[in-house]
Structure formats: structure tokens, C-alpha cells
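All residue numbers for the sequence shown refer to UniProt numbering, where the first residue is 1 and numbers rise by one.
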Amino acid sequence: MTELAFKDHLRLMATYNSVMNARLIAVLTPLSDEALLESRGAFFGSALGTLNHLVVADLMWLNRFRPQPYGQVLMALDALPKPAALADLLYPTMAALTPVREELDGLILRFIDQLSDADIASPLSYKNASGVPFTKTLGLVLSHVFNHQTHHRGQVTTLLSQMGLDIGVTDLAPLVPDLTAA
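Shown next, in the form of C-alpha cells:
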């Protein structure tokens, strides 16, 4: 049995993030933007509001990582908006949101791939959306970023279920390598 590096875990989570976002996009794209913007009592109102929140949160986090020595791969963020609030609705249609979500998912994968173990263990100093300063370990902050995505995607799948739609199995286990197949 080989030792699992924390980077392997982060890579798995980044892959899972990308796969699940693509599956959500595939189910949501045929729906009307009106249906996706309809307030259904979720934290961010609607399915599209929740997906926008995820894009906004990812943009905020990635922009915190960008000025760090390991943030060079994040230069593509220059072409994207700098959201001011977690509830910003930057993309009011799936057609507008989808390419940005896909770009961010690819960027996150590239970011994780180029991190060293020292980067992952390094302190990250930042201010949250309310301006409160923190210093935390980068790897654990990245765990939060992926957990946050999973949390809100779960809310979107609940909204889809209420509309009679199912995106299928959302478990991480199918992406975890089977050691007996090696």
C-alpha cells in the first residue's frame, strides 16, 4: 500500500469538483433561465443564484491565492470579474455562467497540479469577505473550498429533485482509485 500524499487528495477533490459541475451543467442547460432564476427558498434563492455563489466564492479564493509565489498559474483571473459580495449574480444565464465555470474548474486543476508539498503546508494570510484577517494553512483552506462546492451543489441537486430532475450518483467513491485494480 502506498502513502497518500495530501496533494493526491486535493487533486481528487479538484477532479470531483470538475466532474460534478459538468454533470450539473448538463442537466441545467436545457432548462429555461427563468426556471433557473426562480426563487425556491435556497440560501441564494435559485439554482442559478447558487451556481453564481459558487463562481463568486471560487473567484474570491483564487484571487487570494494569486499574489502568492505559487499563484502564477492564476494570471487568467485578470480577465474575470472581481466580485464584491458572496451573493453577486454575475451570470444571469446558463449560457453566460457555463464557460466561466468550466474555465475556473480547469484553472483549479492546473493550480493544484503545480503546487508543491511545501506550498500546500504553507501559511496563507488573507481577509474574508467581511475584512476579517486570518492566517491558515493553504492545504486546509483548499479543503474548505472543495467542501464549500460540495455543500452548495447538494443544495442545487435538491432544487433539481424538487423539479423532478436527477443528476445521478454524486458520491466521491466512484472517483477514488480501486487498489485491487492496480
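The beta-carbon is built from N, C-alpha and C at its ideal position, and this holds for glycine as well. As the structure is a prediction and not an experimental result, all values here were calculated from the model.
message: Short of 8 Å in beta carbon distance, which residues of its chain neighbour residue 175, apart from the five on each side in sequence? Order them along the chain.
response: Here the question's residue 175 lines up with position 175 in the sequence shown. Here the set comprises 12, 15, 16, 19.
- prompt: With a Cβ-Cβ cutoff of 7 Å, do residue 159 and residue 94 count as a contact?
  reply: Along the sequence shown, read from residue 1 onward, the residue named residue 159 stands at position 159. Along the sequence shown, read from residue 1 onward, the residue named residue 94 stands at position 94. Going by C-beta atoms, residue 159 is not nearer than 7 Å to residue 94.
Inter-residue spacing [alpha-carbon to alpha-carbon] between residue 49 and residue 91: As a first step, residue 49 must be located in the sequence shown, where it is residue number 49. As a first step, residue 91 must be located in the sequence shown, where it is residue number 91. Approximately 9 Å, taken between the alpha carbons.
field: Where the alpha helix (DSSP H) through residue 143 begins and ends
entry: Locating residue 143 in the sequence shown gives position 143, counting from the first residue. That run of the alpha helix (DSSP H) goes 138-162.
- request: Look at the alpha carbon of residue 126 and the alpha carbon of residue 132, and state the distance between them as a whole number of angstroms.
  value: In the sequence shown, the residue the question calls residue 126 occupies position 126. In the sequence shown, the residue the question calls residue 132 occupies position 132. Going by the C-alpha atoms only, they are around 8 Å apart.
field: Limits of the unbroken alpha helix (DSSP H) element including residue 199
entry: The requested residue 199 does not occur in the structure, where the chain is confined to residues 1 to 182.
field: Ordered list of alpha helix (DSSP H) runs contained in the stretch 13-84, each at least 4 residues
entry: 33-37, 47-65
query: Closest by CA to residue 51, which one among 150, 168, 161, 140?
result: For the purposes of this step, residue 51 is taken as the residue at position 51 of the sequence shown. When only C-alpha atoms are compared, the closest one is 150.
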